[in-house]
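In what follows, a structure is listed as structure tokens, so that the remarks can point back to it.
There are 2 protein chains.
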Amino acid sequence: MANLVELIESYLKKLLEETDEIEIQRKELANHFACVPSQINYVLQTRFSIERGYIIESRRGGGGYIRITKLHLHRPEDMSMILEQGIGEAISQDHASALVHRLVERNLITLREAKLLQKAVSQDILNACMFGETYLRASLLKALLLVIMQPSFQNDQNGKEK
Amino acid sequence: MANLVELIESYLKKLLEETDEIEIQRKELANHFACVPSQINYVLQTRFSIERGYIIESRRGGGGYIRITKLHLHRPEDMSMILEQGIGEAISQDHASALVHRLVERNLITLREAKLLQKAVSQDILNACMFGETYLRASLLKALLLVIMQPSFQNDQNGKEK
DNA sequence: AGAGTAAAGGTCAGTAATGGTCAAAAAGAC
DNA sequence: GTCTTTTTGACCATTACTGACCTTTACTCT
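Line by line, the protein sequences are chains L and D. Counting from 1, one number per residue, gives the positions in the first sequence under the working numbering. Counting from 163, one number per residue, gives the positions in the second sequence under the working numbering.
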């Protein structure tokens, strides 16, 4: 355990035993371990990646921070299986659609969430890809908002439709 | 919450819980928080922008004031306004993000939904656009699933975090 | 009225405080 | 000795804060 990366890793994991989410300051932590700030990024990239079940968010500037969130996957095995084998690097609409459908059946996601996902991966949205990024963003945002605002969901946040 | 900007922001938002419109004096407020007056402008510009649903009016000279008015976008009929004028045919990430933020503040969507939307319109996802449609679809699906599976949402479908 | 002055608020560029990236060097593993 | 992992540092990007200088409005004095 002589490695800095492991020292910092275990330090952060200790903090994460208490709560699911911690906020640190890169400079401060680097100072604590007497290393360069970018070492912290290395730790985060190699030990707190999405594959390992963490989500990193951060903000620069005065009062900046790095937030580490621990994922509590319902069934972690399922999740990594889904992401790696079920989806992979590229996926067709049919396969994506079928996958989402299965997730609902297994109660891993709600119907409401399923509809959002279905819309996000649908042909009509992705076609906007050709017109550029901001165009795609606008299409996506509008379509997803419309799904959210569907009347049947208004008083039915969990999406258990009828 | 060490940031001045956040302190002032929450102070003003607290006042805005009561009414839709408040009037302040720049110098007085700056004095209250022991900062330079232009700091107030910074807060207004970054936290009470139009995208976030506020209108700022002011008047200089003796008896001058700054008025902050909260915009109302409750009802679904306002939704079409948001879609057409607030989004349009193309939208930047910053604007999309501010819009989503504002929808949460007005309780039009839950935090959970907001995080999904934020991820959907985020740079890292849309970059996948270049690699083709099926690639983008895979990135989108994976990222959104991870958002759904975040711990803070497990027993908190309405997303009222903290 | 008009001039002068006091009392607001506005702008903008510069500085400070963070965090991010990337490639090269150093250290370990086999 | 070669390959992988770790560590470092130079350079970049973003957000917050400050201060000097500018504009507008109200009030007062003649």
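Idealized CB from N, CA, C, for every residue including glycine. Keep in mind the model is a prediction, meaning the values are calculated, not measured.
So residue i and residue j are supposed to be a Cβ contact under 8 Å. How far apart are they, rounded?
i: ARG188 of chain D; j: ILE202 of chain D; result: 5 Å
i: ARG229 of chain D; j: GLU190 of chain D; result: With 8 Å as the limit, ARG229 of chain D and GLU190 of chain D do not qualify as a contact, their Cβ atoms being about 14 Å apart.
i: LEU140 of chain L; j: VAL283 of chain D; result: 6 Å
i: CYS129 of chain L; j: GLU295 of chain D; result: 6 Å
i: THR69 of chain L; j: GLU21 of chain L; result: 5 Å
i: GLN45 of chain L; j: ARG299 of chain D; result: In fact, because the Cβ distance is near 26 Å, the residues do not count as touching under 8 Å.
Between which residues of its own chain and residue i is the CB-CB distance below 7 Å, once the five residues before and five after are set aside?
i: ALA143 of chain L; result: LYS119 and ILE125
i: ARG221 of chain D; result: TYR227
i: VAL205 of chain D; result: VAL167, ILE170 and GLU171
i: ILE109 of chain L; result: LEU103
i: HIS257 of chain D; result: GLU213
i: ALA30 of chain L; result: VAL36, PRO37, GLN39 and ILE40
i: HIS32 of chain L; result: none
Using a Cβ-Cβ cut-off of 6 Å (strictly less than) and excluding sequence neighbours within five positions of residue i, which residues of its own chain qualify?
i: ALA196 of chain D; result: none
i: LYS14 of chain L; result: none
i: ARG47 of chain L; result: GLU9
i: GLU57 of chain L; result: ARG67
i: LEU12 of chain L; result: none
i: PHE293 of chain D; result: none
Would you mind telling me which residues of chain D sit closer than 8 Å to residue i, beta carbon to beta carbon, in chain order?
i: GLN93 of chain L; result: ARG299
i: ILE56 of chain L; result: Simply none; closest approach about 12 Å.
i: ILE82 of chain L; result: LEU307
i: ILE66 of chain L; result: Within 8 Å Cβ-Cβ: nothing; ILE66 of chain L doesn't reach chain D, min ~15 Å.
So which residues of chain L does residue i contact, with C-beta pairs closer than 7 Å?
i: GLU251 of chain D; result: TYR135 and ALA138
i: ALA258 of chain D; result: ARG137 and LEU141
i: LEU278 of chain D; result: LEU116
i: LEU206 of chain D; result: The contacting residues do not exist; LEU206 of chain D stays about 18 Å from chain L at best.
With a threshold of 16 other CB atoms inside 10 Å of the CB of residue i, please say whether the residue is buried or exposed.
i: ILE249 of chain D; result: buried
i: LEU233 of chain D; result: exposed
i: GLY215 of chain D; result: buried
i: THR181 of chain D; result: exposed
i: VAL309 of chain D; result: buried
i: ILE217 of chain D; result: exposed
i: ALA2 of chain L; result: exposed
i: ILE253 of chain D; result: buried
i: ALA98 of chain L; result: exposed
i: GLU246 of chain D; result: exposed
i: ILE212 of chain D; result: exposed
i: LYS160 of chain L; result: The predicted position of LYS160 of chain L is uncertain, since its pLDDT is 37 and thus under 50; no value can be drawn from it.
i: ARG106 of chain L; result: exposed
i: GLU113 of chain L; result: buried
i: GLY63 of chain L; result: exposed
i: ARG237 of chain D; result: Confidence at ARG237 of chain D is low in this model, with a pLDDT of 49, below 50, so the placement of that residue is unreliable and no value is reported for it.
Under 7 Å Cβ-Cβ, which residues of chain D neighbour residue i?
i: GLU113 of chain L; result: ILE310
i: LEU144 of chain L; result: LEU279 and ALA282
i: ILE50 of chain L; result: LEU308
i: ILE109 of chain L; result: ILE310
Taking Cβ-Cβ distances shorter than 8 Å, what residues in chain L pair up with residue i?
i: LEU233 of chain D; result: Going along chain L, no residue has its Cβ under 8 Å from LEU233 of chain D, so there is no contact; the nearest lies around 17 Å.
Under 9 Å between beta-carbons, which chain D residues line up against residue i? List them in chain order, please.
i: LEU29 of chain L; result: Correct list: empty, because the minimum Cβ distance to chain D is about 16 Å.
Excluding five sequence neighbours on each side, which residues of the same chain lie with their C-beta closer than 8 Å to the C-beta of residue i?
i: TYR297 of chain D; result: ALA290
i: ILE82 of chain L; result: LEU99 and LEU103
i: GLN285 of chain D; result: GLN255
i: HIS101 of chain L; result: ALA114
i: GLY61 of chain L; result: none
Under 7 Å (Cβ pairs) to chain L, residues found in the segment 280-291 of chain D: ALA282, VAL283, LEU288 and CYS291
Residues, ordered as in the chain, of the segment 1-21 of chain L that lie near chain D by beta-carbon distance below 8 Å: ASP20 and GLU21
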